[in-house]
Amino acid sequence: IIAGIAPLKAQIKDITELKARIPALRDSTERAALYAQLGMLYTNRSLDSCYYFGARALDLAKRINDKTGEAEALNVLAFYYMERGNPYLAYKYINESLALFEQLGNKPKICEVTMNIGVLLSQEGKLDQTLAQYEKARDLSKNLVQDSIRPLVLINLAQAQSFTPNPPDVTPLLDEAERLAKKQGNERFLIVARMARNVTRLHSGIPPGDIIPDQHAVIEETKANGYEYFTALAYLEMGNMYLPISLDSALRYFDMAINLAETTGYKGLHFHAMAQAYDVLTHMQPIPPQADLYSRRLLELSKEKELENQKTGMDFLQLALKEQEVAAEEAKLQSRRLLATSMVVICLLASVGSILVLRQYRKQRKLACYLKDSNDKLEAKNLQLEDNDTFHQKLISIMSHDLRQPLSSMLMLGDGGMVEHMSDAQRQYVFDQISLSAKTSLQAMDGLVHWMKLNTIGLAYTPSVVSLRDNMLTALDYNRTVADQKGIAIMDFVPESIELLAQSEMLLFINRNILGNAIRHTPESGQIIVTANMDPEGRQVIVRISDSGGGISEEVLPKLFNKERSEMASGGSGLALIVCREMIEKMNGRIWAANNPEGGASFYYSLPVSSPLAENAAPDATTISVSP
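Just so we're aligned, residue 25 is where the sequence shown starts under my numbering, counting upward by one.
Here it is as structure tokens:
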């Protein structure tokens, strides 16, 4: 799937001509626009050059306060980080670019960036959200005076639809895209449309021998025009076409795609091509030695990507907190200026006071009240900023704890020499437990990061259909070891048929923390009961997690989910409940707690179901009404 880039012709020639114009340019606005244009041109040829010109365009545009140039540069850098496999910065830059273009009222660019957000979502495997973005971009493109971006919108929509479970006929979309591209004389869009059509023909069952000649022509055309990214993509698809005809030819084209993607720095495409070649090799008998080489390289790339994303995720949070600190300092500076201005006014009024004593006295009293109110507000804002700073630092500590737990288990096994004294079955069990802990911790951290992204960069909340039972079982698996050690019986009465409109990772964070609290406060040989029922209207599910512990004190219960209460909580549990409440509210639900008449406490939360009760309720589910 291809990101939106301005129409390009004879790419190598255009790059040469634009670079030759740089020394003669004196206008900074034109220079910033030229840098951004070069960055766009290099997106299909060299990612390093793409970043070089995109970064220069952004720096220059900010220095001269050129909002159009800044938005263009952010769009270029978003594509760069998308191809580098860094979704955090890609989301940040793409959303900032969209916000600037919306302020400027640039409708063609709004359409283009909307489509590019869909491209980013597609690389994360979020097909439903991808299709929604492409449909929105298609609707926006209908109202444009110049339809220069519409062909690429239609091509991306066609490719996304072809991956749905029951794909529709995408030929009309590709036909319209080719017609518009020919009308515009845009060779790049025509090449992309031909590539998409060949892939669609292959998936529809047309013999590969009938498609290969045209694919050869596409490869030659992309090479002649310097479209390195498209050439690598065409090599990869040619390998797929040769699979049923000649395995040697297929592997040769896979190798060509791998080498070209690695040389030009397209990490995402490089990993995808290598994974596809490895899959083919593992189905051969005997398995060639090259498969082992690809396996080791894929493992190395996966580890590098995981470490980079973890580091970038934490760096991104620190960046967001830094931006908040800068904003706070600017607010303080503005308040000081206001205070200084007020003092000047007081001095002026005092000089006139010798003439108009009574009038000046009244004005001074009024002004004194105004200053006191301003100082009180300023002090309250400062206290709030300090509280938010402490709150965010504790959030980072929660994420660090979730990451450190599985890693500590691995280090303990390696340093203590425990693995050598275990049987194969014991080692496999321990490794399975570590893998489960690491996977669940990473999912919960993803939920926390996603919530932070919603609050820091204004990313729109987009729910999806989530199985409540599957999510709850994953949270139970994470806490099962501690429950087994205490001999706690966990009774799960969640119907399989209940599906929620929620964000999966945030829901996992909520379930995992509530269950962890219940296990921590339940005595040995106690029990925990998990139920889920529809509300009377059948539009929300009420989940109850009940323990047999000592209950919650009446003093703490009303403040259980308040931010002020987190200062008194230990181990981060109080802060986690605050985060749970804000996540639930983000997902259009609510959360509360109550003591059980028979002892212990129950935590409740409600969330919207994906469809009304008549369509989605399980036969054994009962309808109840619970109030906090």
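Positions of the beta carbon are idealized from the N, C-alpha and C atoms, including for glycine.
Treat the numbers as computed from the prediction; the structure is a model and nothing was measured.
- In the DSSP annotation of this structure, the continuous segment of the beta strand (DSSP E) that includes M515 starts and ends at A513 to F517.
- In this structure, DSSP gives L267 a state outside helix and strand, which the three-state scheme calls coil.
- Residue range Q564 to D571 is occupied by the beta strand (DSSP E) that includes R568.
- Annotated as distal: V565 and M496, with beta-carbon spacing of 8 Å or more.
- Relative to L122, the option among N140, Y112 and H307 whose CA is nearest is N140.
- Cβ-Cβ distances below 6 Å link I538 to I569 and F627 in the same chain, with the five nearest sequence neighbours on each side left out; the list follows chain order.
- Per DSSP, the unbroken beta strand (DSSP E) holding I552 starts and ends at Q551 to M558.
- In the structure shown, N406 adopts helical secondary structure according to DSSP, grouped into three states.
- Per DSSP, reduced to three states, the secondary structure at L168 is coil, with no helix or strand assignment.
- Within its own chain, the residues whose Cβ lies closer than 8 Å to the Cβ of K206, once the five positions on either side in sequence are excluded, are L214, listed in chain order.
- Cβ neighbours of T53 within its own chain (closer than 6 Å, five residues either side excluded): D90.
- In the same chain as L98, and ignoring 5 residues on each side of it, the C-beta atoms closer than 8 Å to its own belong to L82, Y117, I118, E120, S121 and L124, in chain order.
- Residue burial annotation: E529 is buried, with at least 16 other C-beta atoms found within 10 angstroms of its C-beta.
- When the alpha-carbon of V304 is set against those of L323, L293, L271 and T288, the nearest one is in L271.
- Contact annotation: G250 and R69 have beta-carbon atoms nearer than 8 Å.
- With fewer than 16 other CB atoms across the displayed protein chains lying within 10 angstroms of its CB, K43 is exposed.
- Leaving aside the five residues that flank L168 on each side, the residues in its chain whose CB is nearer than 8 Å to its CB run, in chain order, K131, P132, C135 and R174.
- If you draw a straight line from the Cα of D316 to the Cα of Y302, it comes to about 9 Å.
- Counting C-beta atoms within 10 angstroms of its own C-beta, E403 has fewer than 16 neighbours from the protein chains shown and is therefore classed as exposed.
- Cβ-Cβ distances below 6 Å link G129 to nothing in the same chain once the five nearest sequence neighbours on each side are left out.
- Taking C-beta atoms under 8 Å as the contact rule, T246 and L284 fail to qualify, at a distance of about 11 Å.
- Restricting attention to E520, L532 and P487, the CA atom closest to the CA of L500 is found in L532.
- The C-beta distance from T138 to A161 rounds to 5 Å, short enough to fall under 8 Å.
- Note: E523 is bridge-paired with S491 in the DSSP secondary-structure output.
- Annotation for M262: Q239 and Y277 place their beta carbon closer than 6 Å to its own, counting only its chain and skipping 5 residues before and after.
- In the DSSP secondary-structure assignment, I615 is bridged to Y629.
- For P268 and R451, the gap between their C-alpha atoms comes out near 41 Å.
- Taking a contact as a CB-CB distance under 8 Å, the pair E96 and L71 does not count as one, their CB atoms being some 18 Å apart.
- Taking the C-beta atoms as reference points, I552 is found nearer than 8 Å to D571.
- Cβ atoms of L362 and S398 come within 8 Å of each other, at about 7 Å.
- Annotated three-state conformation of L284 is helix, per DSSP.
- A check of alpha carbon separations from M558 across P582, I543 and V518 identifies V518 as the nearest.
- The C-alpha of F103 lies about 25 Å from the C-alpha of S488.
- Linking A79 to K396 through their CA atoms gives a straight-line distance of about 46 Å.
- By the neighbour-count criterion, in which a residue is buried when 16 or more other Cβ atoms sit within 10 angstroms of its Cβ, L599 is buried.
- Secondary structure note for E120: its alpha helix (DSSP H) is the uninterrupted segment P111 to L128.
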